[in-house]
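Protein chains: 2
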Amino acid sequence: MQPFDALSEQHRDAILKARKRVIEAIGKNMDLYGVTLSVGHLYGMLFFSEKPMTLDEMGREMEMSKTSMSTGVRMLLDLKMVNKVWEKGARKDLYEAESDWHQTFADYFAIEWRKAVEANVGALNKSAAELRRLKEQTDGEESLHAVLDRDLEKIEGALAYYRWLDRFIDTLESGRIYELVPKDEP
Amino acid sequence: MQPFDALSEQHRDAILKARKRVIEAIGKNMDLYGVTLSVGHLYGMLFFSEKPMTLDEMGREMEMSKTSMSTGVRMLLDLKMVNKVWEKGARKDLYEAESDWHQTFADYFAIEWRKAVEANVGALNKSAAELRRLKEQTDGEESLHAVLDRDLEKIEGALAYYRWLDRFIDTLESGRIYELVPKDEP
DNA sequence: AAGAACGTACAGAAAAAACTGTACAAAGTT
DNA sequence: AACTTTGTACAGTTTTTTCTGTACGTTCTT
Numbered sequence: 001m002q003p004f005d006a007l008s009e010q011h012r013d014a015i016l017k018a019r020k021r022v023i024e025a026i027g028k029n030m031d032l033y034g035v036t037l038s039v040g041h042l043y044g045m046l047f048f049s050e051k052p053m054t055l056d057e058m059g060r061e062m063e064m065s066k067t068s069m070s071t072g073v074r075m076l077l078d079l080k081m082v083n084k085v086w087e088k089g090a091r092k093d094l095y096e097a098e099s100d101w102h103q104t105f106a107d108y109f110a111i112e113w114r115k116a117v118e119a120n121v122g123a124l125n126k127s128a129a130e131l132r133r134l135k136e137q138t139d140g141e142e143s144l145h146a147v148l149d150r151d152l153e154k155i156e157g158a159l160a161y162y163r164w165l166d167r168f169i170d171t172l173e174s175g176r177i178y179e180l181v182p183k184d185e186p
Numbered sequence: 001m002q003p004f005d006a007l008s009e010q011h012r013d014a015i016l017k018a019r020k021r022v023i024e025a026i027g028k029n030m031d032l033y034g035v036t037l038s039v040g041h042l043y044g045m046l047f048f049s050e051k052p053m054t055l056d057e058m059g060r061e062m063e064m065s066k067t068s069m070s071t072g073v074r075m076l077l078d079l080k081m082v083n084k085v086w087e088k089g090a091r092k093d094l095y096e097a098e099s100d101w102h103q104t105f106a107d108y109f110a111i112e113w114r115k116a117v118e119a120n121v122g123a124l125n126k127s128a129a130e131l132r133r134l135k136e137q138t139d140g141e142e143s144l145h146a147v148l149d150r151d152l153e154k155i156e157g158a159l160a161y162y163r164w165l166d167r168f169i170d171t172l173e174s175g176r177i178y179e180l181v182p183k184d185e186p
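Chains P and G, in that order, give the protein sequences.
The first sequence begins at 1 in the UniProt record's numbering and counts up by one.
The second sequence begins at 1 in the UniProt record's numbering and counts up by one.
In structure tokens form, the structure reads like this:
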């Protein structure tokens with residue numbers, strides 16, 4: 001028996017209206033995490049859910065197919081915004097929203113931004129090496145070297161930024177960010 | 001006369017290949033900034049351009065319509081990833097890539113994340129007020145209050161997070177982040 | 001003032017993505 | 001071992017987004 005269903009219709013509606021506003025807002029802004037409006041909505045629904053939900057329950061509530069719930073939940077799992085919950089003797093998989101949004105934020109950066117850093121740094125280093133090699137092999141060709149130097153300078157600038165971003169992500173991943181910017185207001 | 005065009009075909013190709021790898025990588029990861037692959041590619045192209053470019057030049061280089069360049073550049077301008085350049089007596093608008101990626105990163109957060117914070121905090125506060133009002137008007141209804149308290153607690157948790165995020169964005173906006181996580185490696 | 005060049009609004013076409021229903025493998029129940 | 005139940009892969013459909021070509025207002029040139 002769920003506490004929520006026992007309430008009067010009037011009170012239920014009032015609560016649902018309040019929740020809906022928040023869910024809508026969350027869903028709308030979750031594109032910053034690279035997910036669809038509907039996946040964002042799914043997260044918001046899980047956030048207010050009294051208890052962990054099954055795919056079927058989500059589908060019923062969102063009026064969407066189970067397939068969509070499956071893929072949506074998987075995205076949220078990848079982003080660590082949702083946790084799989086174990087319950088004794090439960091046939092179906094259960095999921096609940098991760099409610100520590102600091103952690104969610106930090107994980108997102110650790111996962112997505114680090115991925116981007118690595119890919120870009122890889123490309124930058126490889127290209128820089130090529131350009132440096134070309135420079136060595138063409139001693140004295142002034143106008144070529146002018147172009148090469150400018151490109152190499154740009155690449156070095158980008159690499160410097162990524163070194164910083166990497167260290168910034170470290171602070172998120174390690175939680176050191178909360179020493180630098182404390183959770184409790186000053 | 002541009003220095004680049006004066007080079008031998010072999011050298012040009014080598015440089016273009018090196019640039020292309022980086023442009024491709026940048027473009028691919030710019031979805032973190034909420035832009036398309038092609039807009040990301042456009043940024044990468046501008047990043048390596050010897051000089052500011054016109055819409056027509058971009059269209060020629062990207063083999064895309066001028067309309068697309070116009071909308072693409074506007075997006076990049078909104079994200080402050082591209083600057084409009086003034087040149088004496090130039091008919092056409094000229095654009096160049098913002099090469100300070102620290103600034104780009106900070107601006108993105110200031111613009112997009114702050115927008116999300118405000119929208120969500122607004123919704124959370126409004127809903128919290130509604131729920132608190134309902135609570136006051138229903139003194140003694142225990143099971144209702146149990147639900148309300150849980151929702152209010154969740155909302156308060158979210159608000160606490162947004163207060164932190166807001167202060168974090170402040171550090172980006174003010175540049176104080178570079179005191180906390182220095183640009184020069186330790 | 002007329003003409004040319006530029007950037008963008010807008011509608012339609014093309015491409016990409018989100019979503020669904022069916023089918024099926026894996027795991028659980030009887 | 002036969003029968004359910006559950007989650008997901010996959011193909012096809014719908015919806016959304018991206019991209020293009022034309023049209024037009026604005027600005028600059030003459």
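Beta carbons are placed, not taken as given, at the ideal position from N, Cα and C, and that holds for glycine.
Everything numeric in this text was worked out from a predicted model, so none of it was measured.
Can you give me the C-alpha to C-alpha distance between residue i and residue j, rounded to a whole angstrom?
i	j	result
residue 57 of chain P	residue 43 of chain P	13 Å
residue 1 of chain P	residue 134 of chain G	In this prediction, residue 1 of chain P scores a pLDDT of 47, lower than 50, which makes its location untrustworthy; the coordinate-derived value is nonetheless stated afterwards. If you take the alpha carbons of residue 1 of chain P and residue 134 of chain G, they lie about 23 Å apart.
residue 4 of chain P	residue 51 of chain P	11 Å
residue 104 of chain P	residue 178 of chain P	14 Å
residue 167 of chain P	residue 10 of chain P	52 Å
residue 155 of chain P	residue 124 of chain P	6 Å
residue 145 of chain G	residue 81 of chain P	28 Å
residue 158 of chain P	residue 62 of chain P	44 Å
residue 24 of chain G	residue 30 of chain G	10 Å
residue 90 of chain G	residue 60 of chain G	19 Å
residue 85 of chain P	residue 94 of chain P	5 Å
residue 107 of chain P	residue 78 of chain G	27 Å
residue 128 of chain G	residue 118 of chain G	15 Å
residue 70 of chain G	residue 64 of chain G	11 Å
residue 72 of chain G	residue 137 of chain G	53 Å
residue 174 of chain P	residue 12 of chain G	44 Å
residue 132 of chain P	residue 176 of chain P	37 Å
residue 187 of chain P	residue 100 of chain P	Any property of residue 187 of chain P remains undetermined from this structure, which presents chain P solely from 1 to 186.
residue 169 of chain P	residue 14 of chain G	34 Å
residue 182 of chain P	residue 140 of chain P	55 Å
residue 66 of chain G	residue 96 of chain G	16 Å
Looking only at DSSP bridge pairs, what is residue i linked to?
i	result
residue 22 of chain P	Paired residues: none, contrary to the question.
residue 97 of chain P	P:82
Looking at C-alpha atoms only, which residue of the options is the closest neighbour of residue i?
i	options	result
residue 19 of chain G	P:54, P:74, P:148	P:148
residue 38 of chain P	P:75, P:54, P:11	P:75
residue 98 of chain G	G:64, G:83, G:181, G:112	G:83
residue 6 of chain G	P:143, P:33, P:13	P:143
residue 27 of chain G	P:151, P:136, P:116	P:116
residue 112 of chain G	G:35, G:55, G:24, G:13	G:35
residue 109 of chain P	P:72, P:23, P:32, P:24	P:32
residue 48 of chain G	G:17, G:68, G:70	G:17
residue 92 of chain P	P:55, P:169, P:170	P:55
residue 102 of chain G	P:129, P:101, P:165, P:140	P:165
residue 151 of chain P	P:87, P:130, P:171, P:8	P:130
residue 184 of chain G	P:176, P:95, P:161	P:161
residue 68 of chain P	P:79, P:41, P:172	P:41
residue 172 of chain P	P:141, P:114, P:136	P:114
residue 121 of chain P	P:64, P:163, P:170	P:163
Assuming residue i is part of the beta strand (DSSP E), what are its boundary residues?
i	result
residue 6 of chain G	Neither: residue 6 of chain G is in no beta strand (DSSP E) and is coded neither H nor E.
residue 55 of chain G	Per DSSP, residue 55 of chain G belongs to no beta strand (DSSP E); it is in the alpha helix (DSSP H), 55-62.
residue 32 of chain P	Residue 32 of chain P -> no beta strand (DSSP E), and no H or E assigned at all.
So the alpha helix (DSSP H) residue i belongs to, where does it begin and stop?
i	result
residue 108 of chain G	101-108
residue 42 of chain G	37-48
residue 127 of chain P	114-137
residue 166 of chain P	142-174
residue 87 of chain G	Segment: none, residue 87 of chain G is in no alpha helix (DSSP H) and carries neither H nor E.
residue 179 of chain G	177-180
Contact defined as beta carbons within less than 8 Å: I believe residue i pairs with residue j. What is the distance between those atoms, to the nearest angstrom?
i	j	result
residue 180 of chain P	residue 180 of chain G	4 Å
residue 21 of chain G	residue 88 of chain P	Going by Cβ atoms, the distance from residue 21 of chain G to residue 88 of chain P rounds to 53 Å, so no, they are not a contact pair.
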